[in-house]
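Residue numbers (my numbering), protein chains in the order written: chain A, 1134 to 1459; chain B, 2 to 106; chain C, 95 to 265.
Glycine included, every Cβ here is placed at the ideal spot set by N, Cα and C.
Everything numeric in this text was worked out from a predicted model, so none of it was measured.
As structure tokens, the structure follows; a few thoughts come after it.
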């Protein structure tokens, strides 16, 4: 526990935090731009070159808005809920390896904030804590539609967490470790998406459901629930939910890349560049899905999670285990 | 090798005892079945803490295994217990244990 | 040297504070949240005791699954805080008296030197793999294999039991 280690860790924390805070407006811009072009529109273009500063302007607008707390709301929980969403997402980002280790001033620096030996479990644990942000936000608003949105999301996230966890276990069987840094390092020659293609599919589907994105955005289905769990939220608290959602997308993409898509491995370019390229492509995939698929009905969603995804992931696990044992 | 922990075992044991006692108070004095349930979870966790502390003290994994089993049993217990609670609430519209006394006549 | 002691004091303080709050808070959702606070601080204590796997499991299973189930039921049934908060009459006094007796007994057991010789002495150092998933798996699938299998049956029974109990009766 020397001073250099402390400084190094602090620097990495600040860099990742800055990346998230700068990256989220960029992703939002990308989402609006891509959605626009997919729907034969232009998307934002007025603020800054190519509308790049549109999200910043929106952020400033949100900052200036009146911060409403409903009179009958549970004040403490109402304020706590969006913070939980953001904190859990940020904490999960700490174990994702952003690149190979580099040497700075004669010091070998691994490009992840913490190499926990149970990193994969750690990520699952923090994402499972993320449910609280949404459920509590829905409950604390003391209003019908947010409560329904919150209940929906808790049921949805509990259901899809199982399939997600089990699909990751299959990779753990192959890798023989729970450490994300080691899993990434093992994929120099073959990405785990090749032997675990079904696991990858299951992970991506349940990951999208976990982040409440289209076509699984039932908790905030605007046609039925106004805006779902964040109906009563305004100003910066609402912006926090937004930040949390996009940071969670980064977490799910980061895990998918690290576990299935070869992590930071790639030819020619430096490792961090490869990670960022893959991250951008994955986020583009997210947006593409949103533009393509209509929202599922709620009973379809639950039925799909329990009757298709969970048995499929279990089958995948059993087959993988059998192959590994042979 | 991981060096010996700074905080002695007995501190963990005392903390576990305090948490267990708070759980006992919750079970005995609260009326809501859900809070009683939560208090039981608290007691289980106090015991878990004590198991892990002993395990660390002796340098064996057996305490960890026990905690693992306790967690599994607690999950099963919560699933069934909450189902019973939902059934009671549907039939009698209350979750308070002293309102559910059909057997007493 | 000072950091682990400070962390222990912090986690212990949060755990005790949240536990007391849980027992004496009226709103059941707040009680559930306070219990989550206790569970998270116990998870922190697990890390201090080098039980990293159990710490992750504690958050994942207890705080992430079991307590969400609690919250779900609380919101589904819309259970309000009971009033009066505590049981009526003699049961309350008896309960607190009993709790004090239990506490004295536990302290007696913990502090008596016969039960744990060297209880006050520093713990031995352990290998780096202590508490890792591999170490737990090695013991769990060899020495404790039969209890492990029985646990899976228990969980299956619990799943079926929960479905049967919570299902509305047909007709």
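Ranked by Cα distance from residue 1378/A, the first of 1267/A, 1454/A and 1305/A is 1267/A. In the DSSP annotation of this structure, the continuous segment of the alpha helix (DSSP H) that includes residue 1260/A starts and ends at 1252 to 1273. Taking one beta carbon from each stretch, the stretch 1293 to 1306 of chain A and the stretch 1432 to 1450 of chain A have 3 or more pairs nearer than 8 Å; the two touch. At a C-beta separation below 7 Å, residue 225/C has these neighbours in chain B: 65.
Relative to the Cα of residue 60/B, the nearest Cα in the group 246/C, 229/C and 248/C belongs to 229/C.
Excluding the 5 residues flanking it on each side, residue 161/C has same chain C-beta neighbours closer than 8 Å at 126, 129, 130 and 133, in chain order. Contact note: residue 219/C reaches chain B through 2, 3, 4 and 5, using a C-beta cutoff of 7 Å and chain order. Looking at the DSSP output, residue 120/C bridges to nothing. Under a criterion of Cβ atoms nearer than 7 Å, the residues of chain C adjacent to residue 1258/A are, in order, 150, 153, 154 and 158.
Contact note: residue 245/C reaches chain B through 69, 70, 73, 74 and 77, using a C-beta cutoff of 9 Å and chain order. Secondary structure at residue 245/C: helix, using DSSP grouped into helix, strand and coil. In the displayed model, residue 223/C falls within coil according to three-state DSSP, outside both helix and strand. For residue 3/B, the beta-bridge partners assigned by DSSP are 220/C. Rounded to the nearest angstrom, the Cβ distance from residue 1324/A to residue 1393/A is 7 Å, consistent with a contact under 8 Å. Residue burial annotation: residue 1278/A is buried, with at least 16 other C-beta atoms found within 10 angstroms of its C-beta.
Relative to the Cα of residue 1330/A, the nearest Cα in the group 1389/A, 1191/A, 1380/A and 1272/A belongs to 1389/A.
Using a CB distance cut-off of 9 Å, residue 93/B does not count as an interface residue toward chain C. Residue 1369/A and residue 1344/A do not touch by the CB rule: their CB atoms are close to 21 Å apart, not below 8 Å. Neighbourhood of residue 62/B in chain C, by CB distance below 7 Å: 229, 230 and 233, in chain order. Among the residues of chain A, those whose CB is under 8 Å from the CB of residue 146/C are 1249, 1250 and 1251, following chain order.
In terms of Cα proximity to residue 95/B, the closest of 32/B, 23/B and 15/B is 32/B.
Within a 10 Å sphere around the beta-carbon of residue 1425/A sit fewer than 16 other beta-carbons, which makes this residue exposed. Using a Cβ-Cβ cut-off of 7 Å, residue 1255/A is close to 150 of chain C, given in chain order. Ranked by how close their Cα comes to the Cα of residue 224/C, the residues 1258/A, 1265/A and 1251/A have 1251/A in first place.
With a cut-off of 8 Å on Cβ pairs, the stretch 1251 to 1260 of chain A is not in contact with the stretch 1399 to 1413 of chain A, counting fewer than three such pairs.
Ranked by Cα distance from residue 1332/A, the first of 1212/A, 1302/A and 1213/A is 1302/A.
Here DSSP, grouped into helix, strand and coil, assigns residue 81/B to helix. Residue nearest to residue 65/B within the set 124/C, 99/C and 231/C is 231/C (criterion: CA-CA distance). Contacts with chain C at 9 Å (Cβ-Cβ) include residue 1210/A. Around residue 1219/A, the same chain offers 1373, 1376 and 1377 as residues with beta carbons nearer than 6 Å, after the five sequence neighbours per side are excluded.
Residue 246/C sits exposed, since fewer than 16 C-beta atoms from the chains shown fall within 10 Å of its C-beta. As summarised for the stretch 1167 to 1219 of chain A, there are no continuous beta strand (DSSP E) elements at least 3 residues long confined to that stretch.
Cβ proximity to chain C below 9 Å picks out 1280, 1283, 1284, 1287 and 1288 from the stretch 1278 to 1289 of chain A. When Cβ-Cβ separations below 9 Å define contact, residue 1199/A makes no contact with chain C. Within the same chain, Cβ atoms closer than 6 Å to the Cβ of residue 153/C are found at 137, the five residues on either side in sequence being excluded. The three-state reading of DSSP puts residue 1237/A in strand, counting E and B together.
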